[in-house]
Structures are given as structure tokens and as C-alpha cells.
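Convert by adding 19 to the 1-based position in the sequence shown; the result is the number in the working numbering. All C-beta atoms in this analysis are idealised placements derived from N, C-alpha and C, irrespective of residue type, glycine included.
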Amino acid sequence: MNGYQINGREYEWADISLIVGGVPIIGFRAVSYKRAREKEAMFAKGRKAHSIQSGNETVEGSLTFTQSQLEALEAATGGNLLTAKVDVVVSYGAELNAESVASSAISTDIIIGVDFTEYEKGMQQNDKFMEIELPFLALDIKNK
């Protein structure tokens, strides 16, 4: 097995499990995260770059929850997600729970030191539920 597919197919939305601060999340609607590194072309004599210089590395992303899941997570982390520092476990291809983090997962990312920066609640006419996006900064991503 190559570790990137399940039975010869790509991961699907239903294959993703999410744990935030030790709490398994079922009411998540979206997850995205990225690692970036500052890079700059270094110029000297001539018109072409002589090298590419690297700077700081950053990790950022966002999670989108339903309102009830957000409120449950806030209660579990002390009442205010904007002051909580948590790790986020994203697993592709295995069902997770708080005790067996990634024990049978095919691919797992652990986002270390997640610090949520903001969120906004709101609804419009005919909405069936509330979705809340939580952008975040983090310290690192560990792949297992």
C-alpha cells in the first residue's frame, strides 16, 4: 500500500477525522492549513539572481465548525477559544478518538500550538445551521 490512497482511491471528506485540544470534533465543515517559508531572490552583479535566500517559516490555517460544535469546544477549553492554545490532529483514512490518536491512521498531521485569531457568528434568512470559521496561527506541523 502506498500510504496515499485507500484501496486504490483518493481520500474523501468522509475519511477525515479531527481532534481539537483532545476533543473529537464531528461538527466540522472545513479544514485547511499551510506551511510557508519566506523566500527572496538575492541579486548581486548582473541582472539575474545569484541565489534564493530563505527566512522565517510560518504555519496558518482555518477550521470551520457548526455553532453547537464551537460552543461545546469553548466549554471544553475554558470558555474562550481566542485564549486557548491547542493542538489539532487531522487524520486521513481512519476514525480517531482521544485515546488512540492516529494508531491506525494512514496519514496524520498534528498541528502544534494552534492559536485562534478571530471568529464571527452570523446567520441569514433561510439558513439551516450556522457555520463559523476560525482562522489560526500555529507553531509547527508534524506528519505521522
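Output needed for residue i: all residues of its chain with C-beta closer than 6 Å, excluding positions within five of it in sequence on either side, in chain order.
i, result
"S51", "G80, S81"
"A49", "T83"
Write down the C-beta distance between residue i and residue j rounded to the nearest angstrom, noting that I regard them as a contact closer than 8 Å.
i, j, result
"I71", "A63", "Not quite, the Cβ-Cβ distance comes to about 13 Å (not below 8 Å), so this is no contact."
"I125", "G141", "Not quite, the Cβ-Cβ distance comes to about 36 Å (not below 8 Å), so this is no contact."
"A103", "G97", "6 Å"
"E150", "T85", "7 Å"
Let's test the definition: count the other Cβ atoms within 10 Å of the Cβ of residue i and tell me whether it reaches 16, buried, or not, exposed.
i, result
"A157", "buried"
"S73", "exposed"
"L101", "exposed"
"I7", "Here the chain covers residues 20 to 163 and nothing more, so residue 7 does not appear."
"S87", "exposed"
"N21", "Here N21 scores only 49 on pLDDT, less than 50, and its place in the model is too uncertain to base an answer on."
"F148", "exposed"
Considering only residues of the same chain and omitting the five flanking positions on each side of residue i, which have a CB-CB separation below 7 Å?
i, result
"N99", "E93"
"Q144", "none"
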